[in-house]
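Asker:
In UniProt numbering, the protein residues as written are 1 to 248.
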């Protein structure tokens with residue numbers, strides 16, 4: 001898949017060629033033809049097909065509003081078929097392509113409803129990040145995400161304390177081996193990934209001005225625990241985002 005551009009007087013025209021399942025030609029075609037082809041080739045439309053088209057649009061950096069309006073309308077027609085993870089991916093694509101669509105985001109907030117527990121910390125972070133990017137801050141969704149994250153933080157802190165006790169016991173009897181060292185390295189990477197997700201999550205709440213004292217307190221405790229347990233160091237850019245979130 002490629003995108004080619006050329007300059008016309010006082011404007012830039014983008015034309016794209018998507019061979020194979022999207023366009024059955026080797027010629028360069030206009031975005032309008034791409035849209036018409038995509039809309040006519042797939043019956044019935046499914047979330048998987050829609051996401052395939054959205055991924056291609058993102059990869060090719062197609063900013064034509066007609067394409068993204070078509071993706072939105074097709075999504076709304078089959079909104080009940082989307083899984084929570086598919087919603088997260090689609091909204092994140094709209095964020096990355098910088099296309100604001102209130103109708104799509106409102107539908108996502110309704111459909112996600114009580115299904116947020118199916119999402120990982122990383123997915124919850126991406127979800128709130130996508131909403132806050134366009135200053136969409138639905139109270140119900142943000143409140144539910146905060147409650148889920150707080151509950152998981154409490155459980156992880158209990159688990160972490162048990163792990164520390166177990167590790168002290170292992171060290172005291174000399175049960176430190178190559179496998180445990182490897183596990184520590186893997187755990188450290190996982191903890192840094194979790195910290196990054198926490199930072200993006202808090203940044204979303206701060207940007208929206210959504211006050212949730214418990215979320216900020218519990219996440220702070222969780223981050224400190226992860227740092228002290230693994231002697232981890234937060235990258236400077238992530239640390240700056242963290243401080244910015246807490247200073248708002």
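No residue lacks a Cβ here, since even glycine has one placed at the ideal position from N, Cα and C.
Taking Cβ to Cβ, would you say residue 151 is nearer than 8 Å to residue 212?
Answerer: For the purposes of this step, residue 151 is taken as residue 151 along the chain shown, with counting starting at 1. For the purposes of this step, residue 212 is taken as residue 212 along the chain shown, with counting starting at 1. Result no, Cβ atoms of residue 151 and residue 212 do not sit closer than 8 Å.
Asker: Please return the same chain residues whose Cβ sits closer than 7 Å to the Cβ of residue 191, not counting the five positions on each side in sequence.
Answerer: As a working note, residue 191 is residue 191 in the chain shown. Result list for residue 191: 226, 230, 232, in chain order.
Asker: In whole angstroms, what separates the C-alpha of residue 92 from that of residue 73?
Answerer: The residue labelled residue 92 in the question sits at position 92 within the chain shown. The residue labelled residue 73 in the question sits at position 73 within the chain shown. If I take the Cα positions, the gap works out to 17 Å.
Asker: Can you find at least 3 beta carbon pairs, one from the segment 117 to 130 and one from the segment 199 to 215, that sit closer than 8 Å?
Answerer: Output reads yes: the segment 199 to 215 touches the segment 117 to 130.
Asker: In three-state DSSP terms, what is residue 110?
Answerer: Along the chain shown, one-based indexing puts residue 110 at 110. Of the three classes helix, strand and coil, the one that applies to residue 110 here is helix, per DSSP.
Asker: Quick check: what's the CA-CA separation for residue 80 versus residue 228?
Answerer: Position 80 of the chain shown, counted from the first residue, corresponds to residue 80. Position 228 of the chain shown, counted from the first residue, corresponds to residue 228. Cα to Cα, residue 80 sits roughly 43 Å from residue 228.
Asker: So residue 100 and residue 142 are supposed to be a Cβ contact under 8 Å. How far apart are they, rounded?
Answerer: One-based indexing of the chain shown puts residue 100 at position 100. One-based indexing of the chain shown puts residue 142 at position 142. 18 Å between Cβ atoms; not a contact.
Asker: Classify residue 191 as helix, strand or coil using the three-state DSSP reduction.
Answerer: Within the chain shown, residue 191 is the residue found at index 191, counting from 1. Residue 191: helix per DSSP, three-state reduction.
Asker: For residue 214, I'd like the list of residues in its chain whose CB is within less than 8 Å of its CB, leaving aside the five on either flank, ordered along the chain.
Answerer: By one-based count along the chain shown, residue 214 stands at place 214. Contacts found: 146, 150.
Asker: By Cβ distance below 7 Å, which residues in the same chain neighbour residue 47 in space, the five residues on each side in sequence not counted?
Answerer: On the chain shown, residue 47 is found 47 positions in, with the first residue counted as 1. The residues are 78, 81, 82, 86.
Asker: Going by alpha carbons, who is nearest to residue 206 out of 156, 129, 71, 238?
Answerer: For this step, residue 206 is matched to residue 206 along the chain shown. Nearest of 156, 129, 71, 238 to residue 206, Cα basis: 129.
Asker: Just to confirm my understanding: we take residue 55, look at its own chain, exclude 5 residues before and 5 after, and list those with CB closer than 8 Å. What are they?
Answerer: Taking the first residue of the chain shown as 1, we reach residue 55 at position 55. Excluding positions up to five away in sequence, the list reads 93.
Asker: Whole angstroms is fine: what's the gap from residue 90's alpha carbon to residue 105's?
Answerer: The residue labelled residue 90 in the question sits at position 90 within the chain shown. The residue labelled residue 105 in the question sits at position 105 within the chain shown. Roughly 10 Å between the two C-alpha positions.
Asker: Buried or exposed: residue 235, going by 16 or more other Cβ atoms within 10 Å of its Cβ?
Answerer: Residue numbering aside, residue 235 sits at position 235 when the chain shown is read from its first letter. Its Cβ having fewer than 16 others within 10 Å, residue 235 is exposed.
Asker: Out of curiosity, what's the CA-to-CA distance linking residue 57 and residue 107?
Answerer: If you number the chain shown from 1, residue 57 lands on position 57. If you number the chain shown from 1, residue 107 lands on position 107. The straight-line gap from Cα to Cα measures roughly 21 Å.
Asker: Comparing alpha-carbon positions, which option in 156, 248, 240 lies nearest residue 219?
Answerer: Within the chain shown, numbered from 1, the residue matching residue 219 stands at position 219. Closest by alpha carbon: 156.
Asker: How many Å lie between residue 222 and residue 248 at the Cα?
Answerer: Walking along the chain shown from the start, residue 222 turns up at place 222. Walking along the chain shown from the start, residue 248 turns up at place 248. CA-CA distance, residue 222 to residue 248, rounds to 20 Å.
Asker: Buried or exposed: which applies to residue 144, given that a residue is buried once 16 or more other Cβ atoms fall within 10 Å of its Cβ?
Answerer: Residue 144 sits at position 144 when you count from the first residue of the chain shown. Buried.
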